[in-house]
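Below is one structure, written out as C-alpha cells; the observations come after it.
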Amino acid sequence: MSLDAAHLFEHPRAPPCSLYDYVLRVYAKQETVFIALSVLRALAGSVLSLAAAVLLPAVAPDPAPDPSGAVRFFRSDPSFLLLKYAYLLLLCAVESIFLGALMRAAADTCAGRSSKICPSLRRAYKTKGKVFCFLFLFLLSVDITGWAGFLLLTATKVLDSYDPGENVRPVAAVLLPYLVLCVVAVTSMVGAVPAMVVERASALGAVKRSWTLFRGSIGFALCVLVSFYVIEISILASLIVFKKYLLVFLFVVMAAAPLSTILVVVLYIVLRIRLEGLTQSSLAQELSSLPDTRNTFEMLPATAAEDRPREGDKQLPDIH
4 MSLDAAHLFE HPRAPPCSLY DYVLRVYAKQ ETVFIALSVL RALAGSVLSL AAAVLLPAVA
64 PDPAPDPSGA VRFFRSDPSF LLLKYAYLLL LCAVESIFLG ALMRAAADTC AGRSSKICPS
124 LRRAYKTKGK VFCFLFLFLL SVDITGWAGF LLLTATKVLD SYDPGENVRP VAAVLLPYLV
184 LCVVAVTSMV GAVPAMVVER ASALGAVKRS WTLFRGSIGF ALCVLVSFYV IEISILASLI
244 VFKKYLLVFL FVVMAAAPLS TILVVVLYIV LRIRLEGLTQ SSLAQELSSL PDTRNTFEML
304 PATAAEDRPR EGDKQLPDIH
C-alpha cells in the first residue's frame, strides 16, 4: 500500500472514507514504528494499572467493597484520593511521551518525512511537560464532570424514583443536554495535542488553538471520529471469536491502537489546510528541529561597531 503524502494537501475536502484510506496508508508507511510505540505504550500502561490494582485496595481499603471485587473509582476518603491522583499523574506522564511520539511520527509521515522510534520518543520527550499538563487537566475535568453528573442526578432527585425498566425518561432528560455539552467540548479539544507537537504551542495555547480550528467543523469532526470508532470497535469485536488465541487478539488490538491517533493528526492537518492553506512544505518546516536560517545574514543589518575597523586590521589603500 503506497502513500502519496501530497494527496491530503491537494484534496483537503475529501469525504471521511477517503480520510480513512489515507490513515491506513500513513500507518502502512511506518507500520514498524507505530506498532513498536503502541506495544511500548501498552506495556507501560499495563504495569501502572497492575501496580494501582494491587496498591489501592491494600493501602486504602474500600469500607463498602463492591460485591464483584472491583475497586470503586469514585470515593471521597483522603488516602484513596491521594493514591488515585498519584496514579493519574504517573499515567499522564507515560501517556504524554508515547502519545506525543505517535503523533510526531504521524505528522512526519504526512509531511513526507521518514520517522524512527528513538527520534520520535526524543522529540516527544521535549514536549512532555505541555502534553502532561493538558492530559492531567483533561482527566481531572473528566473526573470532576463525572461527579457533577452524579450530583446533578442527586439534586434533581431523579435517582430516588429511578427504575431501569420503566423510568428512563427523567434520567435521559437530565443527562442528555449534559452529555451533548461534554461531547462538543471533547471534540473541540481533539486538536490540542497535535498543536503542541507540531506547532509547539503551550498547554493553554493549544486548547485555544484547537477550539479555533474545530469550532466551525465540530459536526464534520464528530462524524469522522464517531464513524471511525464504530468501524474499529466493530472489527475488534468480531475478533472476539478468536479469544482462545489471546496473544493474537492482544497483538491485533495493540497494532490497531495507533489508527485513532493517526486519524486525529490527519483531521488536525485537514482543518489547517481548509482554514489556513497549510502546505506540505510549511508543515515540514514546522516539524523541523532547526529554525529556518535561509537568508539570515542578508536579514541582519550591520551595526556601527561592526563597520568601524578594529585595532590590528590592515587598512587597504583607496583606489581611485
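According to the numbering used here, the sequence shown is numbered sequentially starting from 4.
The beta-carbon is built from N, C-alpha and C at its ideal position, and this holds for glycine as well.
**Asked** What do you get for Tyr-271, buried or exposed, if any count of 16 or more other CB atoms within 10 angstroms of its CB means buried?
**Response** In the sequence shown, the residue the question calls residue 271 occupies position 268. Tyr-271 is buried by the Cβ-count criterion.
**Request:** Could you please give the first and the last residue of the uninterrupted alpha helix (DSSP H) stretch that includes Val-200?
**Result:** The residue given as residue 200 occupies position 197 in the sequence shown. It spans 195-202 - the alpha helix (DSSP H) in which Val-200 sits, taken as one unbroken run.
**Prompt:** What do you get for Val-186, buried or exposed, if any count of 16 or more other CB atoms within 10 angstroms of its CB means buried?
**Reply:** As a first step, residue 186 is located in the sequence shown; it is residue number 183 there, counting from the start. With fewer than 16 other Cβ atoms within 10 Å, it is exposed.
**Item:** Rounded separation between Ser-220 and Arg-275 - CA only
**Value:** Counted from its first residue, the sequence shown places residue 220 at position 217. Counted from its first residue, the sequence shown places residue 275 at position 272. Spanning the two alpha carbons is a distance of roughly 11 Å.
**Item:** Enclosing alpha helix (DSSP H) for Lys-32 [first to last residue]
**Value:** By one-based count along the sequence shown, residue 32 stands at place 29. From DSSP, the alpha helix (DSSP H) with Lys-32 extends over 19-32.
**Own chain partners of Met-2 with C-beta closer than 6 Å, once the 5 adjacent residues on each side are dropped** = No answer is possible for residue 2: it lies beyond the span of the chain, which begins at 4 and ends at 323.
**Asked** What distance in whole Å lies between the Cβ atoms of Val-134 and Leu-102, which are believed to be in contact at a cut-off of 8 Å?
**Response** Here residue 102 corresponds to residue number 99 of the sequence shown, with the count starting at 1. Here residue 134 corresponds to residue number 131 of the sequence shown, with the count starting at 1. That pair is a contact at about 7 Å.
**Request:** Compare the C-beta of Leu-216 with all C-beta atoms of chain E and state if any pair is closer than 8 Å.
**Result:** Looking at the structure shown, chain E is missing, and only one protein chain is on hand.
**Request:** Tell me whether Pro-15 sits in a helix, a strand or coil according to DSSP, three-state version.
**Result:** Taking the first residue of the sequence shown as position 1, residue 15 is located at position 12. Residue state, collapsed to three classes: coil.
**Prompt:** Among the residues of its own chain, which have a CB less than 8 Å from the CB of Tyr-30, if the five just before and after it don't count?
**Reply:** What you label residue 30 is simply residue 27 of the sequence shown in a count that begins at 1. Cβ neighbours of Tyr-30 beyond the five flanking positions: Phe-37, Pro-261, Leu-262, Ile-265.
**Message:** Tell me which residues share the same chain as Cys-136 and place their Cβ nearer than 6 Å to its Cβ, disregarding the 5 neighbours each side in the sequence.
**Reply:** Taking the sequence shown and counting its residues from 1, the one referred to as residue 136 is at position 133. Within the same chain, Cys-136 has close Cβ partners Ala-206.
**Asked** Just the Cα atoms here: how many angstroms apart are Tyr-232 and Ser-291?
**Response** In the sequence shown, the residue the question calls residue 232 occupies position 229. In the sequence shown, the residue the question calls residue 291 occupies position 288. Cα to Cα, the separation comes out at about 31 Å.
**Request:** Have a look at Ser-284 and Val-183 and give me their C-alpha separation to the nearest angstrom.
**Result:** Position 281 of the sequence shown, counted from the start, is the residue given in the question as residue 284. Position 180 of the sequence shown, counted from the start, is the residue given in the question as residue 183. Distance between the alpha carbons of Ser-284 and Val-183: 38 Å.
**Prompt:** If you draw a straight line from the C-alpha of Leu-22 to the C-alpha of Cys-121, how long is it?
**Reply:** Translated into the one-based positions of the sequence shown, residue 22 becomes position 19. Translated into the one-based positions of the sequence shown, residue 121 becomes position 118. Looking at the two C-alpha atoms, the distance is approximately 28 Å.
**Asked** Taking Cβ positions, are Ser-82 and Arg-107 nearer each other than 8 Å?
**Response** Indexing the sequence shown from 1 puts residue 82 at position 79. Indexing the sequence shown from 1 puts residue 107 at position 104. No, Cβ-Cβ distance for Ser-82 and Arg-107 is not below 8 Å.
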